[in-house]
Structure formats: C-alpha cells, structure tokens
Amino acid sequence: MALKFEVLGRFNRARAAQLTLPHYLCQTPLFMPVGTQGTIKGLTKNQLEEIGCQIILGNTYHLALRPTSELIDELGGLHKFMNWPRALLTDSGGFQMVSLLHLADITEKGVTFQSPVDGKPMLLTPEESIQIQNRIGADIIMALDDVVRTTITGPRIEEAMYRTLRWIDRCIAGIYVSEVWLNVICLGGEDKDSFWRVVAQCTAALPEDKPRYVMGVGYPLDIVVCSALGADMYDCVYPTRTARFGTALVPEGVLKLKHQAMANDIRPIDPMCECMVCKNYTRAYIHCLVTKDAMGSQLLSYHNLYYMMKLSRDLHSSIVEGRFPEFVCKFLQTMFPKGDVPEWVCNAMEVAGIDISSCCREMRFDVDKSSTL
Amino acid sequence: MKFAVNKGWSNGRARSGVLQLGSCPFPIQTPALLLTTRKGLPAFISPDLLTSSLPSPDSHLLQFSPLHFLEGISPKTISNIGGLHQMLSLHQHIFAAVPRDSIIALPEHDSTNKYGASFQTPGGRLLIKPAEYVELVSSMKPDFWVTLADEVPAWVSDKRNRTSVDRTLRWLDDCLSLNKTGTTIFGSIVGGSSIEERHRCAQEVAQRNVSGYWIGGFGLGESMDERAALLTAVTDNLPEDMPRHVSGLGLPEEVLQGVAAGIDLFDSTYVYHLTLGGFALTFPLERNKGDNADYQLSDSGGDDMKINLKATIYRKDTSPIVESCNCFTCQNHTKAYLNHLFNVHEMLAQTLLEIHNTHQYLGFFCSIRKAIEEGKFEQFRRNFVESRRECLFAAASSD
C-alpha cells in the first residue's frame, strides 16, 4: 500500500487531508498522543480507539533502553508488542538524549553520550537511529536532527541546519528510508511571537504535497493557529501530563480540578463533551480523586485526550466542509469571551487570512509583515 | 433486600445462596466476593472497563469505606449529586459501606473511645461517632451498610475486649435509631479472640432488627488456627436465613475457612496486594486439577497459584498470563508486554493486572459455589489446601 497524502479541502493555507499509512487511514489535522514507553498513561488500547487516536508516538530513546529495539524486533515489532492496531510514529531519539543525558554532545558523526546503563561513551549516528527505528517498526520514522536550543543565536544555527540536511542524505543514501516524506518543524522554548512566525515561514516554503509535522505542539490554541498556517500533525505530552496535575482541557481553556471551588461543583468537567468522563462524573467527584488516587489522573487523561482528538476531528471537518473561519472564530470567542485574544494570535490569523475581528475587542493594525511571507 | 439459602445444597455449615439488592437487576450467587474500592472505584480499573471487562453480575458487588470521602467531598455535595450510585455512575452495582478498609482505613483500637471509633488513614487519625457515620451513610445511600464497630486485635486484655463488645452493641443501637432512610443495615459483631465474647455479641446482635450480619475483628493479628472456632462461635448463633459478611479474610485459604463456617460475603484486599506486587493469579480453575497437579516451582518467586510478572524469564514470553483465561488482559496482551510495563513503572501494568486478577479471583468463588452445589465442598477445600502445602513444602526442601 503506497503512502499517500491527499488534500481534501483547504482554506487559504489551512488544509484537511487524508494520510494513508500502512496501519491506518488518518485524517489531518491530527494530534498524536505520546506513548513514551509503549503505553499512554494508564489507558488501554480499546480506550484509545474509543477516544479516536489515530497515530501514537513512541520515544525511540526510551524504547531502545527498555525493553530494547532488538527485543521489540524479535517479538514482531512495536505494533504487535503493544497490540496497537492503528498507526505508530517514532522519533529519532536525539532530542531525549540531548535533554536527558549528561554530557551529550553532537559532532558530525552523530550524538555522543554516556550510556545511562554503565557510563560508557557511546555514539548514536543517523544510520543507527534509523536501524533502531526500523527494528521498532513504526509507520513513520524520523531522521536524526542536529538539535540546538532555539535560545541560542549565531553560526551554530546554520551549522545545525546544514548538518541535519547532510544527516538526512546519509539516511537516504543508506537506503534506510525510501524518501523524505514528512517535513518536520522542531521548536521549543521560544516566545509565541517568534513561534508562529517560524511556523508560517516553514509552511510557506515547504512543498504542498507532503504533510507538515510540528513537534512538541501543544496547547489547543497553538494547534488551531498552526493549522490555520498550514501545518498538519502535532504531538505533545501536555494533555496527559497536565492531567496528572489535576488540570482538564475545556473549550474555555483549562479547569484546575484541585481548586477548592471544585469540591462542591456538581457539573461535569465540560457539559458539551461527549466523553465517558464528562457523561458520568462531576467536578466534585474528580476533585476528591485528583492528587490522591491514581484513578483521578486516569479519568482526566481520558478526557484530555478525548478533547484533543475531538479538536483534530473538528479542524478536519470544518476545513473540508468549508466553515473553517467560523470554527476558528467560535473557538477564539469561547476561549476569550472578553475579546482579549492575544496579539500573536491576531497577527498569525492575519497572515493566515482568517478574519477574526468578531472575536477581538479591537482590531490590530500593527502587524509587522516584513518578517513573514 | 432478599436473601435465600439454597437449602438442598448445604455441606455442613457451608451454604450457597442468592442475594437480590435494589440497584442490581441480577441476583448475586453466594458465597461471593466484594471488590475493594477507593472512593467507590477500583484502584486501577476505570469504570468503563469495570463494566465492560469483568464478568457480570459477579463483579457488581463493591465494598467501600465512607471514611474515604471525609476529605475532599462533603456529605451535602454527595446528596446534591444524588448519592453514591449517581456520583459513580454505576447504577447497577451493589455498594456495601464498611467503615474499616484494610488498605486505607485501619481500626486504631488504642484511640477508639466511648464517643467513637478511631481509624488510621492516609490523612491522619480519624475519630468518627455514630451520628456522623449515619449522616455520611445517609448522604451516600449505599445498598447496605454495616454499623460502626470497635474492632480490637487478638492480643488485647479481656477487659478491653468486653468493652469493645459493649460499645459495638451500643453503637449498633445508635445507628438503628438514627437511621431514618430505611436503608438495609448489617449489624456488626466483634469479640476479638474470646469465644465467650463472640458468642455473647452474636446472640445480642441476632436479637436486633437488622437485615444481615457483619463480622469484624478478624484479619487483625489472630492466627488462622484460632479463627475457625471464633467464626463458628458467631455463625452458630445467627439465624440461618440471613446473610453473613466478613472483612479481613483475604487469602484463598482464609476464604475457604470462612465458607466452611457459614459466611456468605467476603471483602478482600488480596487482588489489590497481588497487583501492586506484580503477581498474576494462575489458579487452576478446574477443581479436579488439584488431584494430580504438577507442582511447578519457578525461580521467579511464584508458585502454582501465581507468577511474578516482573521476573526476567517473562521478558520475551509472548503467551498470555493464562491461556484459557477470557479476561481482557489475556485476550489482548502478553506476559512480555506486562513485564515491560512493570519494569518501566507504567500504570497500565496495574490496570491490566487488576482486571486479570479480579477475573481469576471471581472465578475461584465460582468454583467454590459449584463445589457446594455438588456437595463436594469439603473435598474441594481439602484438595486446595493440601496442594498449597505440598507446593510450599517442595519449595522449602529444594535447593
């Protein structure tokens, strides 16, 4: 079965598409939950299917450590190991190494680091990363990139860019991957104003016929903005991580179930949400569970992921059905009922060609368009 | 509530029966297991999985401690929501309120006084008086609740033990008079390790207007050997046709001991503790297997009844925990995957294991009922206990 990316609808830069992968037929824009170690925080595969998850992300670094890519390969690949019938995506492992390991360093050869098991010096090359991922067997795998902190400036950034391109070529040359099929935008740590501009520049420059995946995004608002600017795929630990701290995602923003005000609130987390948690449980009951019983974070993870998958479905269908601007406006009105939509969102939507004047208290005319396309 | 003993099937004191309680449309066969919960839900199995992945109606009996709710949610709010069944959205389940919970509400006999019973909880020590307890229970509307008791361990003085019986009886009367909702009440029976006091308490409670009996004060340090006589000292003084519920008899052998003494309902933390430790039950569920059981010992720390899923021998084991098991976990996942999940401390490990272990333990109770119905309970019990002894003996005498 050929890998296919077929655009089904557009609004300016935004696209809704069908992504055909070996294990699943996906619809974009889509959010991918992070199943770091071959599982998503307490949810079974049936629950994930019910919620509507299409692709799950597995972290190569963690899986290579335990239970090891060789074992996964021996037992038939990650799909079989987890018994996940839909799609999987693995990352290159590079990001985790740089952020988790002491003394990780990047050279032309690859990422050198101290083995977390015995402290021996080790090297992860682009080729090795691909081999590990092939053993894991995901539908989509990622080339190793030269990861730099975006807070730095200067020649290191250019060095990183060219090195990443050379590494991608090494992956292709080694016939480890058939083609560079997915374009990835990696960010982290920058302010929102730079964030949207980088995404906008990338989506304008990248070819139309391949999916654009923005790693590490994120907040529902960020996903709506990036989709308006032409991105298609997202992953983030935020929904499940914030669940563990007792925070639920709602159309108005977030709901902190830990707060004393929740103790007597007998409404569901989100009266409009159709998930198992919102149809059956009150804020008061979840309040008494969170931070004390594991069941609290399980129920919140379920709800939060349901919320993200519903957002993905809504983005896709509103674009296909030609009502994307209306969807964006309603989304922003619900989240910012006083009309205080952040400036960066207004600027981004201006570039995306979406009129959100009905949501904003006052129109903003001070967009610096010179640094965007 | 309706309860009836199947007269034709009694083996000695062991009996099988049928229990029908308001919320649950299906009759429950006894002897039965009440699943332990934290705030009304299992420790790891989420409510949608509770209804979809466990056998019905066996898994509909849930035990909870009202004391779990003292922090975090008020009785008034529970009332506003509409009671426990509404709050947990488990309308067809049977909730039994028992103050004592062997995991997070342990009786503290030193601090219990004439005003109320003291419990050690994760939030600290709690003293609860009968009036507070009745108010709490009224807001929750469980299917049945047991009266407040002063439970003492086996080693207290005779005087302390006698006081515990007097107090428990007084609180029973308090609970009965304070009860305005007409809910189903089980009278609590204590008496520590004194046959006379057990006798006395049981006789007194049997005279009260209750719908069943809860037997407390076990699982607090007494030995299994002395327990048998204490159990029968209670059950011999109770009317035949009323249900008997015991807490603190968790292990399979203890359950069998309780059944032999005429107990109908058991709440047990066995499944919870096994699951936490990564142990999976592998009972041979077919009763006759006990005759020529293959006493397999493994280096993994398991025995013929359970395996330790954390052991490295399961790293590459692509078989389910138990081949013939119909539970969600065995139908969908392998020992290798569970081994990995335990090693990386992922919560899914415990969810999947609690499903399997609950399924298995409910199956054990099913076997007990079948044995009683076939008039072979004593033989079943003997086979089971002997096969366990042989296994332990073999383990002890191997290198």
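For the protein sequence lines, the chains are Z and C, in the order given.
For the first sequence, counting from 1, position 100 maps to 100 in my numbering; every step adds exactly one.
So the number in my numbering is just where the residue sits in the second sequence, counting from 1, plus 1000.
Using N, Cα and C, we set each Cβ at its ideal position, and we do this for glycine too.
Computed from a prediction, not measured in an experiment: that's the story for all the values here.
In the structure shown, what three-state DSSP assignment does C:P1153 receive? It is coil, neither helix nor strand.
Segment limits, alpha helix (DSSP H) that includes Z:S312: Bounds of the alpha helix (DSSP H) holding Z:S312 are A294 to V320.
Taking C:S1247 as part of the beta strand (DSSP E), name the residues at either end of that continuous run. Counting along the chain, the beta strand (DSSP E) containing C:S1247 begins and ends at R1244 to S1247.
Let me confirm a value: C:L1088 is counted as buried when at least 16 other C-beta atoms fall within 10 Å, else exposed. Which label applies? Classified as buried, C:L1088 has 16 or more neighbouring CB atoms from the shown chains inside 10 Å of its CB.
Give the secondary structure of C:R1015 by DSSP, where H, G and I count as helix, E and B as strand, and everything else as coil. Coil, per DSSP.
Leaving out five residues before and five after Z:S301 in sequence, what residues of the same chain have Cβ atoms less than 8 Å from its Cβ? I40, K41, G42, L43, P239, T240, A243 and R244, listed in sequence order.
Where the alpha helix (DSSP H) containing C:N1343 begins and where it ends: If you look at C:N1343, you'll find it in the alpha helix (DSSP H) that goes K1335 to N1343.
Decide if Z:I157 is buried, meaning its Cβ has at least 16 other Cβ atoms within 10 Å, or exposed. Burial call: exposed.
So, Z:G374 versus Z:R313, is the Cβ gap smaller than 8 Å? There is no way to answer for residue 374 of chain Z, as the model of chain Z reaches only from 1 to 373.
Backbone secondary structure at C:F1095 - three-state DSSP: Looking at C:F1095 - three-state DSSP - the assignment turns out to be strand.
Pairwise C-alpha distance: C:E1390 and C:Q1296: Only weak support is given to the placement of C:Q1296: the predicted model assigns it a pLDDT of 37, under 50, and the question is left unresolved by the model.
Just reading off the beta strand (DSSP E) that Z:R135 is part of, what are its end residues? Looking at the DSSP string, Z:R135 is not in any beta strand (DSSP E); the run it does join, the alpha helix (DSSP H), is P126 to I136.
Same chain, Cβ closer than 7 Å to C:K1129, neighbours up to 5 away in sequence not counted: Excluding positions up to five away in sequence, the list reads Y1115 and G1116.
Between C:S1079 and C:M1140, what straight-line distance do the alpha-carbon atoms span, to the nearest angstrom? Straight-line Cα distance between these residues: approximately 7 Å.
When you compare each of C:L1049, C:V1210, C:P1031 and C:V1018 to Z:M295 by their alpha carbons, which one comes out closest? The option with the nearest alpha carbon to Z:M295 is C:L1049.
Contact set between the region 269 to 289 of chain Z and chain C, restricted to residues whose Cβ is under 7 Å from the partner: Within the region 269 to 289 of chain Z, contact with chain C at the beta-carbon level (separation under 7 Å) is assigned to M276, N280, Y281, T282, A284, Y285, H287, C288 and L289.
Roughly how many angstroms separate the alpha carbons of C:G1258 and Z:A64, rounded to a whole number? Taking the straight line joining both Cα atoms gives about 49 Å.
Write down the C-beta distance between C:T1318 and C:I1355 rounded to the nearest angstrom, noting that I regard them as a contact closer than 8 Å. Wrong, their Cβ atoms sit about 19 Å apart, outside the cutoff.
Terminal residues of the alpha helix (DSSP H) in which C:I1372 lies: M1347 to E1373 is the extent of the alpha helix (DSSP H) around C:I1372.
Using Cβ-Cβ distances below 7 Å, what residues of the region 68 to 88 of chain Z are close to chain C? Answer set for the region 68 to 88 of chain Z: L71, E74, L75, F81, M82 and N83.
Between the region 1017 to 1033 of chain C and the region 1273 to 1283 of chain C, do three or more beta carbon pairs fall short of 8 Å? Segments in contact, no.
On the three-state DSSP scale, how would you describe Z:W84? When DSSP states are grouped into helix, strand and coil, Z:W84 belongs to the coil group.
I'd like the ranges of any alpha helix (DSSP H) spanning at least 4 consecutive residues and lying wholly in the region 1110 to 1150 of chain C. Within the region 1110 to 1150 of chain C, the runs of alpha helix (DSSP H) at least 4 residues long that lie entirely inside it are, in chain order, 1130 to 1140.
Enumerate in chain order the residues of its own chain whose CB-to-CB distance from C:K1180 is below 8 Å, with the five nearest sequence positions on each side excluded. S1138, listed in sequence order.
Three-state secondary structure assigned by DSSP to Z:A200: Residue state, collapsed to three classes: helix.
Smallest Cα separation from Z:V290: which of Z:C275, Z:Q260 and Z:V34? Ranked by Cα distance from Z:V290, the options Z:C275, Z:Q260 and Z:V34 are led by Z:Q260.
So with CB distances below 7 Å, who are the chain Z contacts of C:E1346? Near C:E1346 (Cβ distances below 7 Å), the residues of chain Z are Q37 and T39.
Where C:Q1331 falls, given that 16 or more other Cβ within 10 Å makes a residue buried: Residue environment analysis places C:Q1331 among the exposed positions, since fewer than 16 neighbouring C-beta atoms fall within 10 angstroms of its C-beta.
Note down, in chain order, each residue of its chain lying with its Cβ closer than 6 Å to the Cβ of Z:D270, except the 5 sequence neighbours on either side. The residues V250 and C278, in chain order, have a CB closer than 6 Å to that of Z:D270 in the same chain once the five nearest residues on each side in sequence are set aside.
Express the C-alpha separation of C:P1099 and Z:L19 in angstroms, rounding to a whole number. So the alpha carbons of these two residues sit roughly 55 Å apart.
For Z:V214, count the other beta carbons within 10 Å of its own beta carbon; 16 or more makes it buried, fewer makes it exposed. Which is it? Label assigned to Z:V214: buried.
Whose CA, out of C:G1248, C:A1233 and C:H1199, lies closest to the CA of C:L1220? Checking every option, the nearest Cα to that of C:L1220 belongs to C:G1248.
How would you call C:A1260, buried or exposed, if buried means at least 16 neighbouring beta carbons within 10 angstroms? The residue is buried, with at least 16 neighbouring Cβ atoms inside 10 Å.
Going by DSSP, what residues sit across from C:E1214 in a beta bridge? Contrary to the premise, residue 1214 of chain C reads as Trp rather than Glu in this sequence. Answer is C:S1188 and C:H1245, bridged to C:W1214.
With hydrogens ignored, establish whether the beta-carbon of C:F1144 is closer than 7 Å to any heavy atom of the ligand ZN. The model depicted lacks the ligand ZN and carries no ligand whatsoever.
Environment of Z:V254 [buried if 16+ CB atoms lie within 10 Å]: Classification for Z:V254: exposed.
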